[in-house]
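What follows is the structure in C-alpha cells.
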C-alpha cells in the first residue's frame, strides 16, 4: 500500500526528514509517533502528495507521490487536525458539496452522520458546532468517497474522553472495513490501543519501528508489585520472569497474607523515552 | 460534472453571503441614477457603471471569498481533493460572471444601449480579467487590509485609462490596451481582431499566473512556500 525508500526532505538547507525507509501493508493501522516538530506531519504531507519536493521514493497506492495526478485523491481520505469545512453551510450541505468533488459514488451522508451521532444536528451550521462535533464531522468528510487509505492527523487531539472514545471506535470500525490507516499522533495511549505498528520519529528520523506490544516487551519484562500488612503496610516488587524465586512472595502466598498484587508493564511512553531520550511534549 | 458542481456551489455560497441581494439593491440604485440623468449621457454612464461595478466585481469579491476560505482552512480540503486549480478558478470566475452579466444586461437595456451582445461579451471578458486579478492578489495576502492596499494600483491602471478612453481623450495607440478594448466592447463599440488578440493574450497570461498562484496557495497549506 505504501513503500518509502531513502526519503529525505528539507524546508531549508538543513535536512528535516532524512533517509527514512518503511512500508505499510493493506488493512494496517500505522502510527507516526513523536514530539511536536519531529517531522511526523511533514512525513504525512509527503505521503498525501502535498509536498512534492522530497528526495528518495514515496509510493502510495502504486503512485509516486511527487508525480501524483488529481485522481490520486479519489482513493485517499485526509482528516486534518483542524476543521476544513464551510462554517456558514450546514453539516449536510458540507458533505453534499465535498462528495460532489469525487467521481466515485459517495457513501450516504445520512449513514455517516448517524455513525458519529450527528444526525440530529445535520441541518445546523458548522460554525455553531462544538470542537468535538467538528472533529467527528471532519472525520466522516474523509470517509465520504470510501477511500482505501485514510490519513488521520491527531484525530483525538483536544477531544474530551467521551468524544475521544467515539473517535477511536470509528477508526477501529474503518480498519474492520479493510481500510489502511496512517495515524499521526503524540498520544501514546491512542497509539497503543489503535496501531498495528508504530514508528517513533525524532528529529526527522525513525528511531524505532515495530508493534506497540513488541516494543514494550523488547525493553525488559514487566514487574510485579505486591503489598502485605505486618505492623503497617509494606510493599515490594520483583521482575515477572523471576517471580518463582521471590521467597517473600512465596511465603506471603502460602500464608494468605497478601494485601494486593499487580503487574505493571512499561508503557509505550516509557519505551519512547527510553529509546529516544525525549518526552512527547 | 465536477466543474458544474463547483459553479453551482459557488453560486450557492454567493447567495448565502448575500451577493445576490447586494447586487439586486445596487442594480435598483443604478437604474435610479440612469433614469435621473439626461438621455444623451445614458449610454456612456451605463458603460462606466457596467465596467466599474458588475464587470469589475470579481476584483473586489474574490478577495473576500478567498480570504474567507483561507480563514476556514478550505484550501487544505481542496489540496487533497481531485479538484485541479483550473476547475477551482473556473468555478469562481464563471459563477461571478453570471451575476455580472445579469446586472450588465439590465443596465444596458435600461440605458437603451445599441448592441447588447457586444456589451455582454465585453462584460464577460472584463469580468474574467478582473476576477483573475482579484484571485491572484487574494492568494498572496492574509488580511482584508492587505487586499484593499493591493487593489489600489489595479484600480488606477484598470479604470482610469478605460474611462478616459471612453470619452476619446487618450492617445490612439492606447486603444490596443486590453482594458480599453474591454471598455469599447462594454460600450457596444466594434473592436479589431488585433485588439481582441491582445486581450486574449492578457487573459491567457492571467489564467496561467492565477493557476500557479492557486497551486502555491494549496501547497503552502501543506506547510511549504516555494
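Residue numbers (our numbering), protein chains in the order written: chain A, 195 to 475; chain X, 85 to 310.
C-beta: ideal position from N, C-alpha, C; glycine also.
Quick caveat, the model's predicted, so the values are computed rather than measured.
Inset, instruction - Could you check the C-alpha separation between residue 261 of chain A and residue 212 of chain X for me, to the nearest Å? - result: 31 Å
Inset, instruction - Would you mind sorting residue 265 of chain A into buried or exposed? The rule is 16 or more other CB atoms within 10 Å of its CB. - result: exposed
Inset, instruction - Use the C-beta contact count for residue 278 of chain A: other C-beta atoms within 10 angstroms, 16 or more gives buried, fewer gives exposed. - result: Classification for residue 278 of chain A: buried.
Legend entry - C-alpha distance - residue 425 of chain A paired with residue 451 of chain A, whole-angstrom precision: 13 Å
Legend entry - 6 Å CB neighbourhood of residue 343 of chain A in its chain, flanking five on each side removed: 270 and 374
Legend entry - Extent of the continuous alpha helix (DSSP H) run through residue 304 of chain A: From DSSP, the alpha helix (DSSP H) with residue 304 of chain A extends over 303-309.
Inset, instruction - For chain X, find out if any of its Cβ atoms is closer than 8 Å to the Cβ of residue 295 of chain A; answer yes or no. - result: yes
Inset, instruction - Return yes when the Cβ of residue 388 of chain A is within less than 8 Å of the Cβ of residue 420 of chain A, no when it is not. - result: no
Inset, instruction - On a CA-only basis, which of A/454, A/300, A/259 and A/254 is nearest residue 244 of chain A? Give me that one, please. - result: Cα-wise, what sits closest to residue 244 of chain A is A/259.
Legend entry - Reference residue 394 of chain A, options A/332, A/377, A/227 and A/275, closest by Cα: Measuring C-alpha to C-alpha distances from residue 394 of chain A to each of A/332, A/377, A/227 and A/275 identifies A/227 as the nearest.
Inset, instruction - For residue 381 of chain A, collect the residues of the same chain with a Cβ closer than 7 Å to its Cβ; drop the 5 residues on either side in sequence, then sort them by chain order. - result: Leaving aside the five residues that flank residue 381 of chain A on each side, the residues in its chain whose CB is nearer than 7 Å to its CB run, in chain order, 350.
Inset, instruction - Count the CB pairs spanning the region 227-239 of chain A and the region 133-153 of chain X that are closer than 8 Å, and state whether there are at least three. - result: Contact fails: fewer than three Cβ-Cβ distances are below 8 Å.
Inset, instruction - Please go through the same chain and pick out, in chain order, the residues whose beta-carbon is closer than 8 Å to the beta-carbon of residue 97 of chain X, but skip the five residues on each side of it. - result: 149
Legend entry - Local Cβ density within 10 Å of residue 283 of chain X, reported as buried at 16 or more and exposed below that: Buried is the call here.
Inset, instruction - Given a cut-off of 8 Å, decide if residue 194 of chain X and residue 134 of chain X are closer than it, judged by their beta-carbon atoms. - result: no
Legend entry - Helix, strand or coil at residue 456 of chain A according to DSSP, with G and I counted as helix: strand
Inset, instruction - Output the boundary residues of the beta strand (DSSP E) element that contains residue 391 of chain A. - result: 391-396
Legend entry - Nearest-angstrom Cβ-Cβ length linking residue 139 of chain X and residue 207 of chain X, presumed shorter than 8 Å: Under the criterion of beta carbons closer than 8 Å, residue 139 of chain X and residue 207 of chain X qualify as touching, at roughly 5 Å.
Legend entry - Start and end residues, beta strand (DSSP E) containing residue 399 of chain A: 399-404
Inset, instruction - Look up residue 103 of chain X in the DSSP assignment and say whether it is helix, strand or coil. - result: Helix.
Legend entry - Proximity test, residue 101 of chain X beta-carbon vs the ligand FMN heavy atom, cut-off 7 Å: Summarising the ligand content, the structure contains no ligands, and the ligand FMN is consequently not present.
Legend entry - Where residue 86 of chain X meets chain A, residues with beta-carbon distance less than 9 Å: 294, 295, 296 and 297
Legend entry - Three-pair Cβ contact test at 8 Å for the region 215-234 of chain X versus the region 166-177 of chain X: yes
Inset, instruction - Determine the DSSP secondary structure at residue 308 of chain X, reduced to helix, strand or coil. - result: Per-residue confidence for residue 308 of chain X stands at a pLDDT of 47, beneath the threshold of 50, marking its modelled position as unreliable; no derived number is given.
Legend entry - Near-chain A residues of the region 149-176 of chain X - C-beta to any C-beta below 7 Å: 156, 157, 158, 160, 161, 163, 164, 165, 166, 167 and 168
Legend entry - Closer than 8 Å at the beta carbon, the chain X residues around residue 281 of chain A: 156
Legend entry - Short CB-CB distance (under 8 Å) between residue 300 of chain X and chain D: Although the question refers to chain D, the structure presented lacks it and instead comprises the protein chains A and X.
Legend entry - Whole runs of the alpha helix (DSSP H) within the region 157-237 of chain X, excluding any shorter than 4 residues: With a minimum length of 4 residues, the continuous alpha helix (DSSP H) runs that stay inside the region 157-237 of chain X are 158-163, 169-195 and 200-224.
Inset, instruction - Note down, in chain order, every chain A residue with its Cβ under 9 Å from the Cβ of residue 179 of chain X. - result: The contacting residues do not exist; residue 179 of chain X stays about 13 Å from chain A at best.
Inset, instruction - Keeping to the same chain, check which residues put their C-beta closer than 6 Å to that of residue 253 of chain A; ignore five residues upstream and five downstream. - result: 197
Inset, instruction - Confirm, please, whether the CB-CB distance from residue 286 of chain X to residue 262 of chain X is below 8 Å. - result: yes
Inset, instruction - Note the first and the last residue of the continuous beta strand (DSSP E) segment covering residue 251 of chain A. - result: 249-254
Legend entry - Which of helix, strand or coil DSSP assigns to residue 416 of chain A: coil
Inset, instruction - Could you name the residues of chain A that residue 100 of chain X contacts, counting a contact when the two beta carbons are closer than 8 Å? - result: In chain order: 282 and 283.
Legend entry - residue 500 of chain A versus A/410, A/441 and A/418, residue with shortest Cα-Cα distance: With chain A covering only 195 through 475, there is no way to say anything about residue 500 of chain A.
Legend entry - Per-residue DSSP class, three states only, for residue 293 of chain X: helix
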